[in-house]
């Protein structure tokens, strides 16, 4: 009887406060904020399903309760009959069950199961993908997703008849692969890269953008992934994007960013065999021509891509000079940036870009001079 009263006292301290605030909240963080404002300092693991048992919750209650409050509640419960006490305990246990939250692993398993259930309506699949998009931002969650067969299910959704589902599936794969070599390896081995590259040709702008995002995330700092990208004629894919002025500018920006990143990766691994990718004349010209854009962000990405390619030992400088007309393009960019510098809201950005342009020009002229002297 004494232990029953003690348990009830501790539980009621939690339950009376929680019951007053048991409202729907969209996320565990918001719930934690509300409880924190009431003076209950939950740790993150306690909010997110951290109480593995009733004893765990009791231990937490002992450590966080005011002794005076416990004594007062104890006196109240001692005056209750056994029937009243049992009824109160049942109510508290029901409330505790409502307060429990599933773990991230459980949430991922539920989402994967829903996504793989063809009998569920499209809205359920979309919601499952949205939940996975949030969950895989945590590196460990992204790795664990493979254990539930999540990546295999996502790859099947890349062939879904609805573009929204294909787009969301590509987005989740990209999020999970970002800066995560383990996931990159898992997804590459499943054959995702060719599928994502094919999706880049979609008439749906958002699908193409998310597919390119996923491709970039999948091969970044991953030599095996980059080799696969080159074998799949990645240069032709990027050149096609940059040469098509009708495509969304976001595709152009992401393509230039990927080229700059690949060139930077090649710089870090110059002892490896030179990649023909960076000697493709049509691709290089498409990058240089991108500097003519009036969008400063696009200009910046083009300049960074050119800079990184120029730094490669294998770069054919004459291609930049004669075929790409880089010198003329740099001069046109200089004149354009001067015009932007007179505008107050663009002056600082344009000035920074002029510094980058000068750096690219200097690198180009120095490399050209070396080649000219060597030919004498």
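In mature numbering (1 follows the signal peptide of the UniProt record, and there is no 0), the protein residues as written are -20 to -1, 1 to 356. Glycine included, each C-beta is placed from N, C-alpha and C at the ideal position.
Within 10 angstroms of the Cβ of residue i, are there 16 or more other Cβ atoms? Answer buried if so, exposed if not.
| i | result |
| --- | --- |
| residue 192 | buried |
| residue 257 | buried |
| residue 316 | buried |
| residue 297 | buried |
| residue 61 | exposed |
| residue 295 | buried |
| residue 229 | exposed |
| residue 130 | buried |
| residue 355 | exposed |
| residue 281 | buried |
| residue 341 | buried |
| residue 152 | buried |
| residue 288 | buried |
| residue 272 | exposed |
| residue 247 | exposed |
Have a look at residue i and residue j and give me their C-alpha separation to the nearest angstrom.
| i | j | result |
| --- | --- | --- |
| residue 338 | residue 308 | 13 Å |
| residue 284 | residue 332 | 13 Å |
| residue 160 | residue 73 | 41 Å |
| residue 336 | residue 140 | 43 Å |
| residue 279 | residue 231 | 14 Å |
| residue 299 | residue 170 | 38 Å |
| residue 292 | residue 327 | 32 Å |
| residue 344 | residue 313 | 15 Å |
| residue 274 | residue 199 | 30 Å |
| residue 101 | residue 68 | 41 Å |
| residue 104 | residue 320 | 48 Å |
| residue 270 | residue 286 | 10 Å |
| residue 347 | residue 310 | 15 Å |
| residue 81 | residue 245 | 43 Å |
| residue 63 | residue 70 | 11 Å |
| residue 265 | residue 303 | 7 Å |
Got a sec, what are the start and stop residues for the alpha helix (DSSP H) residue i sits in?
| i | result |
| --- | --- |
| residue 161 | 161 to 169 |
| residue 174 | 172 to 179 |
| residue 327 | 327 to 355 |
| residue 248 | 229 to 248 |
| residue 104 | 102 to 115 |
| residue 380 | Given a span of -20 to 356 for the chain in the structure shown, any question on residue 380 remains unanswerable. |
| residue 143 | 143 to 157 |
| residue 88 | 84 to 95 |
| residue 121 | 119 to 125 |
| residue 290 | 276 to 290 |
| residue 223 | 214 to 223 |
| residue 209 | 203 to 211 |
| residue 313 | 306 to 320 |
Would you say the beta carbon of residue i is closer than 7 Å to some non-hydrogen atom of the ligand SAH?
| i | result |
| --- | --- |
| residue 246 | Among the components modelled here there is no ligand, and therefore nothing to report on the ligand SAH. |
Less than 7 Å between C-beta atoms, sequence neighbours within five positions excluded: which residues of the same chain meet that for residue i?
| i | result |
| --- | --- |
| residue 108 | 91, 94, 95 |
| residue 119 | 160 |
| residue 202 | 161, 164 |
Using a Cβ-Cβ cut-off of 6 Å (strictly less than) and excluding sequence neighbours within five positions of residue i, which residues of its own chain qualify?
| i | result |
| --- | --- |
| residue 148 | 109 |
| residue 186 | 147 |
Using beta carbons (cut-off 8 Å, strictly below), is residue i in contact with chain B?
| i | result |
| --- | --- |
| residue 327 | The chain inventory of the structure shown lacks chain B, comprising one protein chain alone. |
Can you name, in chain order, every residue of its own chain whose Cβ lies under 8 Å from the Cβ of residue i, other than the five neighbours on each side?
| i | result |
| --- | --- |
| residue 234 | 189, 192, 193, 196 |
| residue 177 | 191, 195, 209, 212, 214, 217 |
| residue 351 | 297, 298 |
| residue 236 | 222, 267, 270, 278, 281, 282, 284, 285 |
| residue 89 | 128 |
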